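Sequence order for the protein chains is A and Y.
Take 1 as the starting number for the first sequence in my numbering and just add one per residue.
Take 1001 as the starting number for the second sequence in my numbering and just add one per residue.
Below is one structure, written out as structure tokens, with a few remarks after it.
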Amino acid sequence: MSHEAAAEGRERAEEDAAAREDARPVPFRGGGFTHRRLGPVAPIVFLAIIALWEVGSRTGVISPVALPAPSEALGALADLVATGMLWKHVGASLYRLSLGWVLGSLLGISAGLMIGLFSLARAGLLPLVSALFPIPKIALLPLFIIWFGIGEGSKVATILFGTFFPTVIATYGGVDNVDRNLIRMGQSFGLSWLSIVRKIIIPGAMPAILSGFRISASIAIVLLVAAEMIGAETGIGAYILMAGALFALDQLIAGVALLSTLGLAIAWLIGRTERALLAWRA
Amino acid sequence: MQLILRGISHRYGGTNVLEDISFAVGDGEIVCIVGPSGCGKSTLLRIAGGLERPDEGEVLVAGKAPDGSLNPLTYIFQDFALLPWRTVAGNVSLVLEDHGIEAKKRRAIIEDVLSRTNLSDFSRALPRQLSGGMKQRVAIARALAVKPAIMLMDEPLSALDSQTRELLMDDLVALWQRERFSACYVTHNLAEAVRLGRRIVVLSRRPGRIREVVEIDMPLTERPERLVELEKLQRQVWKIMREEAREADREISDVA
Ligand SMILES: Nc1ncnc2c1ncn2[C@@H]1O[C@H](COP(=O)(O)OP(=O)(O)OP(=O)(O)O)[C@@H](O)[C@H]1O
Ligand SMILES: [Mg+2]
């Protein structure tokens, strides 16, 4: 019986170990290079930095002219809430960001799929993408203002263009990396072209597309602030610009904190999406 | 259904890969293709199933596919080719979805083929949770779901350990006994070839030509008991292949 065999084996091993006094454990060296989920670490780091900063300000190590204390920034934030301006600024920013990012991503994924699937699109569009990607979209803002107006149009367009190019590149790279054998399998079972694209190519490119989202979302936030600094009355960028002009540093810090929170929230959302859509990978 | 290859030649760039290959796979017959590595076996099989166009020659099928056959020429791949994001049942479902079968009937087919390959308990598992042998059984289940008339198998057991290979080989034989599909079976394992093949097509080194065709007129069921005779056949095939390998070796040392 296996039970007995196991017991016998253990006995033998113990005897062998006892017989040799120089028997020693094999050192473990397989650690590292994997990630564990350490939930509380991130908030602790955050809180520690803020606490240090607050202590520095209170004791006078950090001059209030150079950097206001976190508590002052919190006060500015409380003012925003009290006057009801918080939602106005954040709401305007969220609207521009989500509209620009969603449109840019949808167009980017479509263009990326075309480049990935059709030789003609690849020959025609890829050089264009390579030529336009490196242009800082903010440099084009005056142009967008002329085309789309000083209002929402130009801001959304800036974010849209900024999101579009990284998404195109992530998507077609993802399509190129789909296992050719899987596509061949689909063909060998007579799947239609559309089925192969929908059921094999797009899911296969999904990891790359989602990594692209992380990059394009950050670019979108940077462009949002920049665009709101030109000709906007509401929005987090406008609020920061106004605070800077008045040297109201507490408000400036409060605005920056709002941006960071926005960035964190988006990263969290993308992380959730990845875990839901790419559960098959883990 | 019969599969007939006539005068197949193929080139990749400047190199001839296949030269004038002709043979036929009869109704319910298993033809094994063996040959040195790189002689174009996989290419030949891709051409046979219409996944690649030969430079010369043609591939024909004759006869009627069995009733309800959704995909008469069906592959089983060496690397299984399962979609990692679909469950076992989902992978089988994939090949049925384009045929407009109603959901209830589709579920019944999936259940049937999974039980025939002893996978019923794993229908909701993802490929990464399965061992190699189980993955290949999923691929076999997927192939069975479309009721193939001719199976095209490219080293289906090569990625598996030898024990799993034995077990799966028995499964294949049992399956063939029941379904009597025709098959083109590429392998570099001569034991598999003599165990399964009604005929063994031995290809030469690249460019692949037919070097010899060995007939084995022995029912599959009798083969496990007549190992001595099979051993002899296997040695005979090996002798042919060894000459090929020797010559290839000599060519390489000439170049060096
Ligand atoms: N798509 C391709 N483009 C160019 N050359 C190719 C292509 N596919 C195969 N070849 C070449 O054709 C030759 C035959 O390849 P093939 O894969 O058919 O050989 P094989 O007999 O299946 O080899 P193995 O036993 O290693 O599986 C090889 O030299 C290979 O490098
Ligand atoms: Mg091969």
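The beta-carbon is built from N, C-alpha and C at its ideal position, and this holds for glycine as well.
Bear in mind that the values here come from a model prediction, so they are computed numbers and not experimental data.
Residue i CB to nearest heavy atom of ligand 2 below 6 Å
| i | result |
| --- | --- |
| S1042 of chain Y | yes |
Reduced DSSP secondary structure (H/G/I, E/B, other) of residue i
| i | result |
| --- | --- |
| D1020 of chain Y | strand |
| A66 of chain A | coil |
| Q1078 of chain Y | coil |
| M1218 of chain Y | coil |
| I1101 of chain Y | coil |
| I1004 of chain Y | strand |
| I1170 of chain Y | According to the sequence displayed, residue 1170 of chain Y carries Asp and not Ile. If DSSP states are grouped into helix, strand and coil, D1170 of chain Y belongs with the helices. |
| R29 of chain A | coil |
| G235 of chain A | coil |
| L1015 of chain Y | One detail in the question is off: residue 1015 of chain Y reads as Thr in this sequence, not Leu. Looking at T1015 of chain Y - three-state DSSP - the assignment turns out to be strand. |
| D1161 of chain Y | coil |
| A267 of chain A | helix |
| E1225 of chain Y | helix |
| M229 of chain A | coil |
| G124 of chain A | helix |
| G1208 of chain Y | strand |
| E1058 of chain Y | strand |
| H1188 of chain Y | coil |
| L1114 of chain Y | helix |
| V1201 of chain Y | strand |
Near ligand 1: residue i beta-carbon under 6 Å from a heavy atom
| i | result |
| --- | --- |
| V1017 of chain Y | yes |
| Y95 of chain A | no |
| H1037 of chain Y | It should be pointed out that residue 1037 of chain Y corresponds to Ser in this sequence rather than to His. Because some heavy atom of ligand 1 lies under 6 Å away, the Cβ of S1037 of chain Y counts as near it: yes. |
| Y1012 of chain Y | yes |
Exposed unless 16 or more other CB atoms sit within 10 angstroms - verdict on residue i
| i | result |
| --- | --- |
| E1192 of chain Y | buried |
| R36 of chain A | exposed |
| T1117 of chain Y | buried |
| G989 of chain Y | An answer regarding residue 989 of chain Y cannot be provided, because it is not within the stretch 1001 to 1256 covered by chain Y. |
| L128 of chain A | exposed |
| I115 of chain A | buried |
| G255 of chain A | buried |
| Y1012 of chain Y | exposed |
| E72 of chain A | buried |
| G151 of chain A | exposed |
| F33 of chain A | exposed |
| R1250 of chain Y | exposed |
| S57 of chain A | buried |
| H1266 of chain Y | Because residue 1266 of chain Y is not part of the residues shown, which for chain Y are 1001 to 1256, the question remains open. |
| T1221 of chain Y | exposed |
| E233 of chain A | exposed |
| L1003 of chain Y | buried |
| M185 of chain A | buried |
6 Å CB neighbourhood of residue i in its chain, flanking five on each side removed
| i | result |
| --- | --- |
| E228 of chain A | G235, G237 and A238 |
| L977 of chain Y | Outside the shown range of chain Y, which is 1001 to 1256, sits residue 977 of chain Y, and nothing can be said about it. |
| I1033 of chain Y | K1041, V1186 and V1201 |
| G173 of chain A | A208 |
| L249 of chain A | P68 |
| A1139 of chain Y | I1076 and F1080 |
| I215 of chain A | P166 |
| L182 of chain A | I200 |
| G212 of chain A | P166, T167 and A170 |
| L80 of chain A | L86 |
Residues near residue i in its chain [Cβ-Cβ closer than 8 Å; skip 5 each side]
| i | result |
| --- | --- |
| P1072 of chain Y | M1001, V1061, A1065, P1148, A1149 and I1150 |
| E1247 of chain Y | R1205 |
Proximal residues to residue i (C-beta, below 7 Å), its chain only, five neighbours per side dropped
| i | result |
| --- | --- |
| Q1000 of chain Y | Lying outside 1001 to 1256, the shown extent of chain Y, residue 1000 of chain Y is not represented and no answer is given. |
| I288 of chain A | In this structure chain A extends from 1 to 282, so residue 288 of chain A is not present and cannot be described. |
| L113 of chain A | T171 and V175 |
Interface flag, residue i vs chain C, CB-CB below 7 Å
| i | result |
| --- | --- |
| N1091 of chain Y | Protein chains A and Y are contained in the structure displayed, whereas chain C is not. |
Examine the Cβ distances between the stretch 128 to 139 of chain A and the stretch 156 to 163 of chain A and report whether three or more of them are shorter than 8 Å.
With the cut-off at 8 Å, the stretch 128 to 139 of chain A and the stretch 156 to 163 of chain A touch.
Is the number of C-beta pairs between the stretch 1041 to 1053 of chain Y and the stretch 257 to 264 of chain A that are closer than 8 Å three or more?
Here the stretch 1041 to 1053 of chain Y makes no contact with the stretch 257 to 264 of chain A; the two share fewer than three CB pairs at distances below 8 Å.
For the stretch 187 to 207 of chain A against the stretch 1078 to 1090 of chain Y, do three or more pairs of beta-carbon atoms, one drawn from each stretch, fall closer than 8 Å, so that the two count as touching?
Taking one beta carbon from each stretch, the stretch 187 to 207 of chain A and the stretch 1078 to 1090 of chain Y have 3 or more pairs nearer than 8 Å; the two touch.
Pairing CB atoms from the stretch 25 to 32 of chain A with CB atoms from the stretch 46 to 57 of chain A, are three or more of them under 8 Å?
They do not touch, by the three-pair rule.
At a cut of 8 Å, does the stretch 1172 to 1188 of chain Y reach the stretch 1015 to 1031 of chain Y through at least three beta carbon pairs?
These segments touch.
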